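Here's the structure, in structure tokens; my notes come after.
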Amino acid sequence: MGTAVVTGAGQGLGRAIAKRLAADGHQIVAVDLDPQTAAATAASLGGQWRQCDVSDPGSVAALAESLDGVEVLVNNAGIWIFSDMADSTPGDVRRVLEVNVMGVFYCTQALAPLMGPGSAIVNLSSNAAYSNSPGVGIYPPSKAAVESLTRQTALELGRRGIRANAVGPGMILTEGTRVNYEGEMGAQRARAVPLGRNGHPSDVADVVGFLASDDARYVTGQVIYVDGGLSAGRLAL
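Positions 1332 to 1568 (my numbering) are the ones given, in order, by the sequence shown.
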């Protein structure tokens, strides 16, 4: 197995994904804006770490220059600033798009030249791209753009034997979402999920592991929603 670069690897989904890929035999490069959390993830997995702001093309270029080759790229880094569109500031909108969309673009553009046939790119979308909700502003459109970018990447890099797919998590319990998925609020949300529970980071990481593996060698340009069936429709409660 070769090198797997995971952005936003300092916590939550990114850390779980890095752990899964390390278990699969990849050498992990944990990338995060926070150098301390990136270093902690790398130390726990016997890997390397890099500090990088994915929204800054210069920072991403420096990341690429520090690497010799990449077999798997997981574009996980993302942010959300929830508010009604009417209340969203230009700065908030710009920041979400810069990280969630341009970050994926910059990392793919810079690291794809380091990837050979059989390599894989996995982008993190969200089931919010499929099923919008009020009060979350520009976040769903940013993730819809990630899905379109994934398909474009698959088309352009397929001729080089590089695959590109996306994973769309649903209601996943992480450090950043814990306040919304614990106690009665969490139980209420779980009742709306066809599988009857909120998700865990490992649920997402295992699908990323599949898409990064040779088991998915003929899968590209696809989006897999890991949401317990939420994207299939709402339950009548």
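Backbone N, C-alpha and C fix where the C-beta goes; we use that ideal spot for every residue, glycine too. Predicted, not measured: the structure shown is a model, and the values here were computed from it.
- The three-state secondary structure of N1529, taken from DSSP, is coil.
- Judged by their CB atoms, S1457 and G1499 are nearer to each other than the 7 Å cut-off.
- Annotation: V1403 is outside any alpha helix (DSSP H); the continuous beta strand (DSSP E) that includes it extends over V1403 to N1406.
- The beta carbon of L1442 sits closer than 6 Å to the beta carbons of A1395, V1401 and L1404 from its chain, once the five residues preceding and following it are set aside; these are given in chain order.
- Remark: C-beta atoms of A1340 and T1372 approach each other more closely than 7 Å.
- In the three-state reduction of the DSSP assignment, Q1379 falls in the strand class, which pools E and B.
- For Q1440, the enclosing alpha helix (DSSP H) covers residues G1434 to L1442.
- Bounds of any beta strand (DSSP E) do not take in D1545, whose DSSP letter is neither H nor E.
- Annotation: the continuous beta strand (DSSP E) that includes P1500 extends over R1494 to P1500.
- Close CB contacts of Q1379 within its chain, under the 8 Å cut and outside five residues either way in sequence, are with Q1358, I1359, V1360, A1361 and A1373 (chain order).
- Within 10 angstroms of the beta-carbon of S1473 lie 16 or more other beta-carbons, which makes it buried.
- By the CB criterion at 7 Å, G1501 and L1561 fall inside the cutoff.
- Annotation: D1423 to I1412 spans about 7 Å, alpha carbon to alpha carbon.
- Ranking S1375, A1347, Q1382 and D1355 by CA distance to the CA of D1363 puts Q1382 first.
- For A1361, the enclosing beta strand (DSSP E) stretches over residues Q1358 to D1363.
- I1503 is positioned such that its CB atom lies closer than 7 Å to that of G1530.
- Taking 7 Å as the cut-off, the Cβ atoms of R1482 and G1552 count as close.
- For T1481, no beta strand (DSSP E) encloses it; the enclosing alpha helix (DSSP H) starts and ends at Y1470 to L1488.
- Listed in chain order, the non-local C-beta contacts of A1497 below 8 Å within the same chain comprise V1453, N1454, L1455, S1456, V1477, E1478, T1481, Q1553, V1554 and I1555, local neighbours out to five positions each way being set aside.
- Residues of the same chain with a CB within less than 7 Å of the CB of V1385, apart from the 5 flanking positions on each side, are T1338, V1391, A1408, V1430, G1434, Y1437 and C1438 in chain order.
- For a cut-off of 8 Å, the C-beta gap from I1493 to M1446 is around 5 Å, short enough to register as a contact.
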